[in-house]
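Input: a single structure, listed below in structure tokens.
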Amino acid sequence: VFDVIDDDFLNEAEKCFLCLDILLDRTDLPFTYAVDLWIYIKTNFIDSERPEKPQLDIKGNPMPIVKEKEDNKKVIDFSLDAEFIYASFRQAYQINLLKEQNRLSWVEFKALLNALPDDTIMQRIIAIRQWKDDGEGSKKYRDNMRKLKAKYSLADGEEEDDGS
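Going by this note's numbering, the first residue of the sequence shown is number 6, and it counts up by one from there.
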């Protein structure tokens, strides 16, 4: 679905029908119904940053809430980070995401992703992407962090180099 949404060669109607076909396995929906349904799904389940009401797990306990992103910068790219997300889910939850496709809901996936422990590779990469050189720490540490930040950067030119 994310690849379809990000595809610059498809128009919005094509994206709508392709995504609904992927998600619902339906191609027979009337145009206006399909568009309204797609807008609802995209707004409430794909683009939403945080649910208004806390989601509850099977036992009725509140699910973890999305951590605030520093400066609202994008810290995860589902395409580029797929292998790190997969490895983190295996490490933290012993979940094989490839086998859970079509069984794990988007809301469950996002809750688990946002609750990944700090010792997983995905959380370490997020910490690296959010790191700012404030001059603290040794020169060796800061140089290493700058190299890691460049290595795990989401896009060319996204990270600023302050020259220190």
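Cβ atoms here follow ideal geometry from the backbone N, Cα and C, with glycine treated the same way.
In the assembly as shown, T125 is a buried residue. Its beta-carbon has 16 or more other beta-carbons within 10 Å. Nearest in C-alpha terms to M127, of all of N49, L25, Q96, is Q96. For the set A120, R134, N119, the Cα lying nearest the Cα of K78 is the one of R134.
A contact between stretches requires three or more CB pairs, one per stretch, nearer than 8 Å, and the region 36-51 meets this requirement with the region 14-28. DSSP places D11 inside the alpha helix (DSSP H), whose first and last residues are 7-11. Going by beta carbons, D8 and S84 fall inside the 8 Å limit. Cβ neighbours of W136 within its own chain (closer than 7 Å, five residues either side excluded): M150, K154.
In this structure, the alpha-carbon of E105 lies about 19 Å from that of D26. Going by beta carbons, I130 and F89 fall inside the 8 Å limit. L117 counts as buried, since at least 16 other C-beta atoms from the protein chains shown sit within 10 angstroms of its C-beta.
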